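Here the structure comes first, spelled out in structure tokens, and everything after it is commentary.
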Amino acid sequence: MYQLNKVDKTFPGVHALKAVDFTIGRGEIVGLVGENGAGKSTLMKVIYGAYQPDGGNVTIDGKTVRFANPRQAMDHGIGMVFQEQSLIPNLTVMENIYLGFEQQFVRFGVIDWKKMAAAASAQLAKVKLSIDPSMTTANLSFAQRQLVELAKVLTLEERIDGDLVILLDEPTSVLAREEVELLFSLVRELTSRASFIFVSHRMDEVLELSDRIYVMKDGAVVDVVAQADAKVENIQHKMVGRDVDKEYYREQKQKPYDPSQVLASFENVTVTSSFKDLSFELHPGEVLCLVGTEGSGREAVLRTVFGLEKPTSGTVEVKGSPYGKANARTAVERGVGYVPRERKVEGIVNGMNVYENMTLSQMGKYSTGGILRIGEERALAEKWVERLAIKTPNVYKDCGGLSGGNQQKVVLAKWRSGGSDIILLDHPTRGLDIGAKEDVYDMVREMCDDGVGIILVADTLEEAIGLSHTILVLKDGEFQKRFDGTPGDKPSLFDLVHHMI
Amino acid sequence: MDGILNRDTLLKWAPLIVLLVLILFFSVMEPRFFSVRNFARIAIASAPALMVALGVTFIIIMGSIDLSMEGTVSVCAVVFAKLFILMGATMASWAWLALPMALIVGAAIGFVNGYVHVKLKIPSFMASLAMGFVGTGLAMVLTGGDRIRIEDELFRGLLTTRWFGFPIMVYVALAFLLIGWFIQSKTKLGRNFYAVGGGEELAHGSGLNVNRVRIMGFMLAGVFFAVGALLAVGRIGLAETATGNNFMFLSITAVVVGGTALWGGIGGVWNTLVGVLIVFVIGNGMVVIGLPGYIQDGVLGILVILAVILSTDRRAISFVK
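Chains A and B supply the protein sequences, listed in that same order. Counting from 1, one number per residue, gives the positions in the first sequence under my numbering. Counting from 1001, one number per residue, gives the positions in the second sequence under my numbering.
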């Protein structure tokens, strides 16, 4: 019996877990659902020891435990099956399985590879995978890697005496239907020894596999449903938590766009291995939202508009003509601005101050013969700091020290001040608190009023529905359906989900 | 928050504090250390190394590294000396043209470094290290192993003419330091170095031609190496294959000790000035107080490790390669 009692976790500016109670009994399969940002991954990290809770406690069979790191959690029988990316591709399967636990095969300082291979084969047999354990991991299919991950965690069976708790993080996201079936029957068999926590975006799968389902929202568990009473719609309603708030997404400020002009257009565009045969037009004042699961090709579309990907076939036109060569520079010159998902990595340069970040894409305009006119840069930055209410003591402040919301504003100011009128937003509100989110929504509406066309990959479906004029649903790189998002006649969450999965 | 601020402030000023403490230490140990004569000696010794270190500073800010300095300095020195002798052997004739020619040679070597690094996608340390060896070999071919003496009074004036106790070459170095500072803080190119070092992906995503910035950076470094070569020739009055010896260790040590981060984006020319002075104050001071010279390298090595330990926020980095 593994229990979390009133577990709390806070990060600077975010209350990620709010007094979460969580119980998992022997042999139980528990589902965990919630939107992006609801706190699922934080909760998992607390469970497998990557994060330490700030409040509350963790007990196993009534005894309080505290894990300083995942290794200690493993020693208590808690294992995490990561998504397939977490195996080290250049090592062999057996090396991956016993990574960090090679000592048992060492004789006189030398690893007995035969013994390790035999042990690894036994582990692979548990997941019914018949591959050579000395194969290089990079040569495995995604499904096979997922099973190797599971086999790796199952080595706990031999190492630990008590019960096991195994976390499955989106294990089915890369699997085909038959492979999912196989995985599920495997998990059910293994409940004789272990209990499972199953995290997935695919609601039907969660319902199928789990005995009980925890529903999370905004860092708290809002409901626990038994499988018998579970209905997809009810759960989704609880995940969202409220009817979509029209005020929140500034729907009253949504104005019709101008269909007579075209800023950018796709005509039967295919980018190999990302998406195919996609057509759309972006008009001034329009918010066009791309909806789909992770890996449906949404980001690749943004990258193509920005010239980072070259279309394999079809025509991409931006401001009336295609790019000669795939090139972000040309895109910037034509007024395309890209606000990427990972602000820390791709959005702002850490160590550069506010005005330096703002003029990064347009230094040509603020320099003569290569010498910068810093006074003008500062004036520009001061203007935008005021206009977007960026909270910074002054424009000399290192952008890395600003809060997420304010960093986001600096990025937007960078593009807007440079006159960009096609803005690509990739998860613009990820990791922001409610107030900062609302600021971003306001900015989206303001940009539309100025005749900017926006292509959005939203953080949540509600956000997509609330903000957009047009929604395109993608699934595995294929276009599914176009929805019109006129206020008062917006599609519902269920309409979209139906086409996504 | 206060803790972080203090740490940052401390880190920012740590190299200067170290320098002052060193000066104080050696002055107390040996009063003769603290004299204009001795400071001039330190300044003369550091001037060529400062130029080389400034060049490599820009590259390190970009997050790359240039190890071609020894070869580049040798080639520039030898080419300069050959041309200078060929065209009249005195500054009063057309031979002065050998000065800008040397800078062009430096830029050309830098261009090749950058081009090989960017276009053939070879890591900068490897591309430049290889070019450095090519340079050393080339210098040997050009001189045939001989030393080329420069005896022109005017050129030697770099060392022999003194203003306020310091020879002209120190003022030349100072002028190039100011040029370096100007490039770093007032030009597009300088800003671009920081952008590339702080976030290359983002710089690319903001429409910067990152490859061009890199090549320009290596060319600029080449020019500064060439200035270093000229000062080195001015100091000892001859050019040979060995003119470039020892610059690699000295300059990288100086940049790191000065507080410029090896992973790019942080630091600048003032850090490098302080770093160079620390290195040469230690070298000079140890001689003045009578310690054997060979201990210097050991002390400098330890200093480099200390500097990196101090400047790395190890909480933020779990693995290093």
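Think of the CB as a built atom: it goes at the ideal place given N, C-alpha and C, for glycine as much as any other residue. Given the structure is predicted, the values throughout are model-derived calculations rather than measurements.
Membership of B:His1204 in the alpha helix (DSSP H) is indicated by the continuous run Glu1200 to Gly1205. The stretch 1147-1159 of chain B makes no contact with the stretch 1254-1262 of chain B, as fewer than three CB pairs between them are under 8 Å.
Looking at the DSSP output, A:Met216 sits in a beta bridge with A:Gly34 and A:Val221. Beta-carbon to beta-carbon, B:Ala1239 and B:Val1075 are separated by about 10 Å, too far to satisfy the 8 Å threshold. For a Cβ distance threshold of 8 Å, residue set Ile371, Leu372 and Ile374 of chain A lies close to B:Lys1186, ordered along the chain. Under the three-state reduction of DSSP output, A:Arg145 falls in the helix class. A distance of 9 Å or more separates the beta carbons of B:Val1233 and B:Ala1045. Against chain B, the beta carbon of A:Asn350 has neighbours under 9 Å at Gly1198, Gly1199 and Gly1265, listed in chain order. Listed in chain order, the non-local C-beta contacts of B:Ser1064 below 6 Å within the same chain comprise Ser1124, local neighbours out to five positions each way being set aside. For A:Lys45, the closest Cβ of chain B is not nearer than 9 Å. For A:Arg329, the chain B residues whose Cβ falls inside 7 Å of its Cβ are Gly1207 and Asn1209, in order along the chain. Counting other Cβ atoms within 10 Å of its Cβ, B:Phe1193 reaches 16 or more and is therefore classed as buried. Scanning chain A for C-beta atoms nearer than 9 Å to the C-beta of B:Ala1043 yields nothing, as the closest lies near 29 Å away. Remark: three or more beta-carbon pairs, one from each stretch, lie closer than 8 Å, so the stretch 377-389 of chain A and the stretch 357-365 of chain A are flagged as touching. Close partners of B:Arg1191 in chain A (Cβ separation under 7 Å): Glu356, Met363 and Leu372. Interface criterion met: the Cβ of B:Leu1202 is under 9 Å from a Cβ in chain A. Counting only unbroken stretches of 3 or more residues, the beta strand (DSSP E) elements lying wholly within the stretch 312-361 of chain A are 313-318 and 336-339, in sequence order. Look at the stretch 436-463 of chain A and you find these whole runs of beta strand (DSSP E), each 3 residues long or longer: 453-457. Around A:Thr23, the same chain offers Gln3 as residues with beta carbons nearer than 6 Å, after the five sequence neighbours per side are excluded. In this structure, the straight-line span from the alpha carbon of A:Leu154 to that of A:Ile47 is close to 17 Å.
For A:Ile60, the enclosing beta strand (DSSP E) covers residues Gly55 to Ile60. Annotated as proximal: A:Leu288 and A:Ile454, with beta-carbon spacing under 9 Å. For A:Asn353, the closest of A:Leu402, A:Glu376 and A:Glu157 by C-alpha to C-alpha distance is A:Leu402. With fewer than 16 other CB atoms across the displayed protein chains lying within 10 angstroms of its CB, B:Arg1032 is exposed. When the beta-carbon positions are compared, A:Leu209 and A:Ile29 come within less than 9 Å of each other.
By the beta-carbon neighbour count (other beta carbons within 10 angstroms, threshold 16), A:Asp204 is exposed.
If you draw a straight line from the Cα of A:Gly335 to the Cα of A:Arg329, it is about 10 Å long. Ranked by Cα distance from A:Thr270, the first of A:Met500, A:Pro259, A:Ser313 and A:Leu87 is A:Ser313.
Classified as exposed, B:Ile1309 has fewer than 16 neighbouring CB atoms from the shown chains inside 10 Å of its CB. Residue-level contact by beta carbon fails for B:Ala1254 and chain A, as no gap is shorter than 9 Å. Residue pairing by DSSP places A:Ile111 opposite A:Val106 in a beta bridge. Under the Cβ distance rule, A:Gly347 counts among the residues neighbouring chain B, one pair being separated by less than 9 Å. Within the stretch 1015-1055 of chain B, complete alpha helix (DSSP H) segments of at least 4 residues are not found at all. Counting only runs that start and end inside the stretch 394-428 of chain A, the alpha helix (DSSP H) elements of at least 4 residues fall at 404-417.
B:Leu1097 counts as exposed, since fewer than 16 other C-beta atoms from the protein chains shown sit within 10 angstroms of its C-beta. For the 9 Å CB-CB criterion, B:Ser1251 and B:Ala1095 do not form a contact.
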